[in-house]
Amino acid sequence: MSRAFVALGGNVGGPAARLLTVMGEFDSLPHTRLVRASSLYRTAPVGYADQPDFINAVVLLETGLSPDALMDELLAMETRHGRVRHVRNGPRTLDLDLLLYDGLVLDGDPALIVPHPRLHLRSFVLAPLVEIAPECVLPRHGRAASLLERMTDRDEVRRIDFPGLDDGLQVLRRLGQGLMPHAYA
Numbered sequence: 391m392s393r394a395f396v397a398l399g400g401n402v403g404g405p406a407a408r409l410l411t412v413m414g415e416f417d418s419l420p421h422t423r424l425v426r427a428s429s430l431y432r433t434a435p436v437g438y439a440d441q442p443d444f445i446n447a448v449v450l451l452e453t454g455l456s457p458d459a460l461m462d463e464l465l466a467m468e469t470r471h472g473r474v475r476h477v478r479n480g481p482r483t484l485d486l487d488l489l490l491y492d493g494l495v496l497d498g499d500p501a502l503i504v505p506h507p508r509l510h511l512r513s514f515v516l517a518p519l520v521e522i523a524p525e526c527v528l529p530r531h532g533r534a535a536s537l538l539e540r541m542t543d544r545d546e547v548r549r550i551d552f553p554g555l556d557d558g559l560q561v562l563r564r565l566g567q568g569l570m571p572h573a574y575a
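For the sequence shown, the working numbering begins at 391 and goes up steadily by one.
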């Protein structure tokens, strides 16, 4: 089984609830289990500013799928959740990005680049990644925690605290513990 980190994001159609729902759906992918899920984070949009703030998270999956097959499953999940690609960096119901897959570096196919080509530049992805994998090392870029410390906008990535969110995350964590008890401290 391989370990894959996936970023989740969205900013329309109830994004916080949608991300929690999607976290619960990863176990239904073939040969895939949710191992860890970060908290949810709120961030301002990047690039196309005339849209609502984004809700972001990162999950760690254990999977028997190849990187290509996992990417296909992620794209299918986006479609099932109403993802429509009209404007680059525009509003979306769900965005799933394959960030890391084991220690692989894949850059031969523009449709699948691992590590994600902008991972090291995005506080809104590094913050939840560091939360669930503080020792994570990005091939070609170094420790994720060190990269996050150098980000000038890291304080703009805000962990969401609202009633019910922690309960939802706890349910996901308990499910993960039942499937893979070694995954949680």
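Don't be surprised by glycine CBs; every beta carbon is placed ideally from N, CA and C. All values reported here derive from a predicted model rather than from experimental measurement.
| Check | Outcome |
| --- | --- |
| Could you name the residues of the same chain whose beta carbon sits closer than 8 Å to that of residue 454, not counting the 5 residues immediately before and after it, in chain order? | 391, 392, 420, 421, 422 |
| In the DSSP assignment, the beta strand (DSSP E) including residue 445 goes from what residue to what residue? | 444 to 453 |
| Does the stretch 500 to 507 touch the stretch 468 to 475, meaning 3 or more C-beta pairs lie closer than 8 Å? | no |
| How is residue 575 classed by DSSP in three states: helix, strand or coil? | Confidence is the limiting factor: at residue 575 the pLDDT is only 27, short of 50, which leaves the residue's position unreliable, though a coordinate-based value still follows. Here residue 575 sits in coil by DSSP. |
| May I ask which residues mark the beginning and end of the beta strand (DSSP E) holding residue 392? | 392 to 400 |
| With a threshold of 16 other CB atoms inside 10 Å of the CB of residue 537, please say whether the residue is buried or exposed. | buried |
| For residue 412 and residue 431, what's the separation of their Cα atoms in angstroms? | 15 Å |
| Whole angstroms is fine: what's the gap from residue 547's alpha carbon to residue 416's? | 25 Å |
| How is residue 411 classed by DSSP in three states: helix, strand or coil? | helix |
| I need the boundaries of the alpha helix (DSSP H) containing residue 462, first residue and last residue. | 457 to 470 |
| If we ignore side chains and look at the alpha-carbon of each, how far apart do residue 406 and residue 551 end up? | 11 Å |
| If you check the beta carbons only, do residue 495 and residue 457 fall under 7 Å apart? | no |
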